[in-house]
DNA sequence: TTCGATTTGTTCGTATGTATT
DNA sequence: TAATACATACGAACAAATCGA
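Residue numbers (my numbering), protein chains in the order written: chain D, 1 to 250; chain C, 1 to 250.
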């Protein structure tokens, strides 16, 4: 049952197969975040292909921000701690158009079971245990985002309130460093809604004021969902910035 | 003043120089939209580089959706008429998550002069003549988006109301086919706001209802701005869909 | 239908340049 | 300085898709 022969990618080009095998090793945790992969020459030997074929496979993984190359040093598993990836899933900017690092405050933490909708979005069974928590993001002292985040218990066995509260970096960096889960993709759906009373008071808005709602599902390798998140954003003083046509070199 | 030697890219790799020269020819209109470029072998001869170097230059232009390759046929200037690019700048989906082609209705058309803010965003001088028009988009008979669009007069010399009203495809396809202007990139800033009375009536909402405001600046080659657009979106029944981490192959 | 010419796609190999340690 | 690693550039051969004779 070698995926090279049987898997979903029957008659694929060699470099796609190499890419797939690299993804498998990555998923299996052979190289953890921040760690260097073997050199291209070594990988070429291991997979018994030319170095150019390995490069082409890595090219795509770099384009997908799963790997990072450094000339003279090596190829590394992308880390969510670094400037390059830190703002990859964070789109809010002030009037000046610059992204700033938000401060984060954990509000609640709890356990529950997945209802039908949640189960479908998380790819788990109905009634499966989940963890949820609410998080408040502030930009320049001003409360801006109220997040309600839900994850499958199974993927984050020992995740609890103090772990979340005392984390060092972003939530996705925690997923990565502590649970080996790499968020590499997300789908967001944005809409304008009226603010309910509680969110209003947290965000410093009048009840009924317009807010931006963002429903996000975050995925790891192979499109496996790992998190569902509802963000409610006060867009009085900040915008959601979206660059179209910038997912390319330089 | 050959950019290879002097231009902004002094000591660049060869393939970057080839890419830059291709962009120049594109801007100069040597190949118009939908047209085929010379074969890679011919381009390699013309630029006196290897075919691999030409391929690497074209690779990036394809990643930027400026060119499209078809095995066995050739390399073509991307056209905004096709499914692949049609929805590139259109992000609204219904509850099912599927994009549908909107119907478009021109509401107003007029001429004005650029104020300070507009001049800055369009990269023109204050007081320069501009054209503006409002456009209503409907999805499944329902009015969803009210666009207020402003462009520099200079780039669209003979653009008038009937031309806009009787266009065959999208607005960007018109820019491309009639004025040779390729919109390849845009920056959008989204926020939630309350709806003013007029927009409310056009969009079938109560005055003061929350709407999604999208401020867009659209760019052509070399980051030259060509259009400023304010979209007001009724997100009662439609979402703005944003895929993060999908700007890559397959 | 078949065949051949053309064009892009894949794979290999090699040499050299540049950054890091 | 030397060794290592990625980056660039070249060339060759064959595969796969397309199109017209």
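Where is the CB? At the ideal position from N, CA and C, for every residue including glycine.
* Under a three-way DSSP split, which group does residue 114/D fall into? -> coil
* **Near-chain D residues of the region 85–114 of chain C - C-beta to any C-beta below 9 Å** => 88, 89, 91, 93 and 97
* Once you ignore the five residues that flank residue 219/C on each side, which residues in its own chain have a CB closer than 6 Å to its CB? -> 185 and 225
* Asked: Between residue 47/C and residue 18/C, is the Cβ-Cβ spacing less than 7 Å?
  -> yes
* To do: Check each candidate in 134/D, 161/D and 142/D and name the one with the smallest Cα separation from residue 149/D.
  => 134/D
* Cα-Cα separation, residue 72/D to residue 102/C -> 50 Å
* To do: Determine the extent of the beta strand (DSSP E) in which residue 187/D is found, giving its start and end residues.
  => 185–194
* Give the residues from the region 177–210 of chain D that approach chain C closer than 7 Å (Cβ to any Cβ), ordered along the chain. => 184, 185, 186, 187, 188, 189, 190, 191, 192, 193, 194 and 210
* State buried or exposed for residue 222/C, treating a residue as buried only when at least 16 other CB atoms are found within 10 Å of its CB. => exposed
* With a threshold of 16 other CB atoms inside 10 Å of the CB of residue 2/C, please say whether the residue is buried or exposed. => Its pLDDT being 35, under 50, residue 2/C is placed unreliably in this model, and the coordinates cannot settle the point.
* **4 or more residues per run - each alpha helix (DSSP H) lying fully within the region 38–92 of chain C** => 40–47, 51–63 and 83–86
* Status (buried if at least 16 other CB within 10 Å, exposed otherwise) for residue 245/C -> buried
* Asked: Is residue 187/C near residue 217/C, with beta carbons less than 7 Å apart?
  -> yes
* Asked: Which one of 14/D, 23/D, 105/D and 156/D has the shortest CA to CA distance from residue 56/D?
  -> 14/D
* **Through-space distance from residue 151/D to residue 242/C, alpha-carbon basis** => 21 Å
* Asked: Taking the alpha carbon of residue 115/C as the point to measure from, which residue in 45/C, 189/C and 129/C has its own alpha carbon closest?
  -> 129/C
* Asked: Which residues mark the beginning and the end of the beta strand (DSSP E) in which residue 99/D is found?
  -> Premise fails: residue 99/D is in no beta strand (DSSP E) and is neither H nor E.
* Asked: Among 237/C, 208/C, 183/C and 105/C, which has the Cα closest to the Cα of residue 168/C?
  -> 105/C
* To do: Give a yes or no on whether the minimum CB-CB distance between residue 244/D and chain C is below 7 Å.
  => yes
* So, using beta-carbon positions, are residue 203/D and residue 143/D closer together than 7 Å? -> yes
* Put residue 181/C into one of helix, strand or coil per three-state DSSP. => coil
* For the alpha helix (DSSP H) that contains residue 17/D, what are its first and last residues? -> 14–28
* May I ask you to report which of helix, strand or coil DSSP gives residue 108/C? => strand
* Beta-carbon proximity check, residue 36/C vs residue 74/C, cutoff 7 Å -> yes
* To do: Can you tell me which of the three DSSP states residue 227/D falls into?
  => strand
* **Rounded C-alpha distance that separates residue 210/D from residue 59/C** => 43 Å
* **Interface residues of the region 65–77 of chain D facing chain C [CB-CB below 7 Å]** => 65
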